[in-house]
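K.L.:
My structure is below; once you've seen it, I'll send some questions.
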């Protein structure tokens, strides 16, 4: 039985030249190779792989950890790697059609993916079924500051803004714990923020920008409308921001 | 895919994924909320059909929204379960090896009791004999607490029981691994851990407390529905009507809302 299996897999390997690199770097298979591979696996087998990939990415996403292609190949796709493109395309379609999520490649060199939400946050979910909203509030403030200041801000500006809201990055906050860690580590890891060194600064200075997840999940127009409301003005009075918000809005969803 | 999912279905599913389990009262409110948010037609008594659409689409993913009852009061709940691995591997991404072993031991002990309850003392003792890696008392308490927060176990005054989510999600696993130990309720035919057992050793049928309460409601002289011997237990009061609108009684079946803020999968 096991010999049969081995023979079968060897057979497959001789038919389609597989990339043996376990890091999952794939050489683009030729069209005929893919055709042959499709014949080697039954539709049921491929369906199952798609389901496994979907589950794998969903589990990673629970912790908002970006997923590397290498890990998807190594842990899930394995010997189906020649069908990688097929499988990922179908997984992506599933995320969109079933879960209202979208698979976004945030690093096209190392092939790193995150799942972003295609459904807008709703403010009033019933019966307290939406935990963790306090952090969203903090994040929203930071994203607003960055957006209104043209896309990137020095970190000192963020810390000073938060201090005015009685959130001190140097102190332990009762709701957020270690505020600095939450912002520069957790939000960064989750790709809501980028925290990068400003080159040629002495002493070292860092700045914040929007992370990939924020770009694809947060509506700049809604944010501007909210800020405008706070200031009792029209969103259009911030010409630059309004132009950017309306132009990105069309590409967002 | 017979009927395609609308955004209202997707939102419902996303909330299910975030929560793992919700009470039927919450499910009804959520169903309404999802329909209203996305301008979908809302029909108050069509929740089951709404969930059916989601389940049909979820089928190829080996996931399913399944209905089950709380062992404490019979209140109905909906849990999102994984059909591909209905065993403990479902939890494995969140827990270390020795934590999983502790959970397996906990299940072993609970399944081995007559009333489905195990004391914290027994659990702390068994944590000292874990094969993967022993746990100190403090650590064990912390891990047990995490199981409760993640809704795998319930805890009341130092006594642990399997949660509704755990029973719904792991039903297949429990039926397979503990097939010699599990008992099915004489009334509702589901797995029963917490319940009453007929005193007649030749009969020994088991019933959920809430099934006992409903079955013997209004009877002064209760007898076993199987062997007709006198039912020598105190008959519990009916805690809540399963289809009633009062949410207060049912909310207590799920862990108190205060735990939700510290839960594992925080979503932004």
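Chains as they are written, first to last, in the UniProt record's numbering: chain V, 1 to 253; chain U, 1 to 268. C-beta atoms are modelled at their ideal positions from N, C-alpha and C, and glycine is treated no differently. The model shown is predicted, which means the values in this text are computed figures rather than measured ones.
1. Taking residue 196 of chain V as the reference, give the member of V:213, V:66 and V:184 with the closest Cα.
2. Could you check whether residue 168 of chain U and residue 174 of chain U sit closer than 8 angstroms to each other, using their CB atoms as the reference points?
3. With distances taken from CA atoms, which of V:72, V:99, V:150 and V:100 is nearest residue 87 of chain V?
4. Can you tell me which residues form a DSSP beta bridge with residue 101 of chain V?
5. Candidates U:193, U:227, U:208 and U:236: which alpha carbon is nearest residue 220 of chain U's?
6. Taking 8 angstroms as the threshold, find out whether the segment 69-84 of chain V comes into contact with the segment 99-118 of chain V through three or more Cβ pairs.
7. Please name the residue in U:84, U:120 and U:33 whose C-alpha comes closest to that of residue 160 of chain U.
8. In angstroms with no decimal places, state the Cα-to-Cα distance between residue 148 of chain V and residue 175 of chain V.
9. Rank V:238, V:158, V:80 and V:32 by C-alpha distance to the C-alpha of residue 49 of chain V and give the top, closest one.
10. Excluding the 5 residues flanking residue 4 of chain U on each side, which residues of the same chain have their C-beta closer than 7 angstroms to its C-beta?
11. For residue 106 of chain V, which of helix, strand or coil comes out of DSSP?
12. Beta-carbon separation of residue 210 of chain U and residue 74 of chain U under 8 angstroms?
13. Just to confirm my understanding: we take residue 112 of chain V, look at its own chain, exclude 5 residues before and 5 after, and list those with CB closer than 6 angstroms. What are they?
14. Using the beta-carbon count (16 or more within 10 Å), is residue 129 of chain U buried or exposed?
15. Counting C-beta neighbours from all protein chains within 10 Å, is the total for residue 17 of chain V 16 or more, i.e. buried, or is it exposed?
16. Locate the alpha helix (DSSP H) running through residue 24 of chain U, then write down its first and last residues.
17. So what does DSSP say about residue 87 of chain V, is it helix, strand or coil?
18. Starting from residue 51 of chain U, trace the alpha helix (DSSP H) in both directions and tell me its first and last residue.
19. Residue 208 of chain U bridges to which residues according to DSSP?
20. Cβ of residue 98 of chain V less than 8 angstroms from any chain U Cβ?
21. So what does DSSP say about residue 178 of chain V, is it helix, strand or coil?
22. Would you please verify whether the beta carbon of residue 246 of chain U is less than 8 angstroms from any beta carbon of chain V?
23. So residue 14 of chain U packs on residue 119 of chain V, CB below 8 angstroms; how close in whole Å?
24. Please list the partners that residue 14 of chain U has in chain V, where partner means a Cβ-to-Cβ separation under 9 angstroms.
25. From the DSSP output, which residues share a beta bridge with residue 230 of chain U?
26. Would residue 83 of chain V pass as an interface residue toward chain U - the criterion being a Cβ-Cβ separation below 8 angstroms?
P.N.:
From the atom records:
1. Cα-wise, what sits closest to residue 196 of chain V is V:184.
2. No, the pair does not count as a contact, with Cβ atoms beyond the cut-off.
3. The option with the nearest alpha carbon to residue 87 of chain V is V:72.
4. BP columns for residue 101 of chain V point to V:117.
5. For the residues U:193, U:227, U:208 and U:236, the minimum Cα distance to residue 220 of chain U belongs to U:236.
6. The segment 69-84 of chain V makes contact with the segment 99-118 of chain V, as at least three CB pairs between them are under 8 angstroms.
7. Comparing alpha-carbon positions, the option among U:84, U:120 and U:33 lying closest to residue 160 of chain U turns out to be U:120.
8. Residue 148 of chain V and residue 175 of chain V have their C-alpha atoms some 26 angstroms from each other.
9. Minimum Cα distance to residue 49 of chain V is reached at V:80.
10. None.
11. The three-state secondary structure of residue 106 of chain V, taken from DSSP, is strand.
12. Here residue 210 of chain U is near residue 74 of chain U, since their CB atoms are less than 8 angstroms apart.
13. Cβ contact annotation for residue 112 of chain V (same chain, cutoff 6 angstroms, sequence separation greater than five): 66, 68 and 106, in chain order.
14. By the neighbour-count criterion, in which 16 or more other beta carbons inside 10 Å mark a residue as buried, residue 129 of chain U falls on the exposed side.
15. With a pLDDT of 40 at residue 17 of chain V, under the threshold of 50, the modelled position of that residue is not reliable, and no figure is offered here.
16. It spans 24-37 - the alpha helix (DSSP H) in which residue 24 of chain U sits, taken as one unbroken run.
17. Correct three-state label for residue 87 of chain V: helix.
18. Segment 47-58, the alpha helix (DSSP H) holding residue 51 of chain U.
19. Bridge partners of residue 208 of chain U: U:195.
20. Yes, its Cβ sits closer than 8 angstroms to a Cβ of chain U.
21. Under the three-state reduction of DSSP output, residue 178 of chain V falls in the strand class.
22. Confidence in residue 246 of chain U is poor, its pLDDT being 40 and thus under 50, which makes the residue's placement unreliable; the coordinate value appears in the next sentence. Taking Cβ atoms only, chain V never reaches closer than 8 angstroms to residue 246 of chain U, which makes this a no.
23. With 8 angstroms as the limit, residue 14 of chain U and residue 119 of chain V qualify as a contact, their Cβ atoms being about 7 angstroms apart.
24. In chain order: 99, 100, 101, 117 and 119.
25. In the DSSP output, where bridge partners are listed per residue, residue 230 of chain U has U:223.
26. For residue 83 of chain V, the answer is no, since every Cβ of chain U falls outside 8 angstroms of its Cβ.
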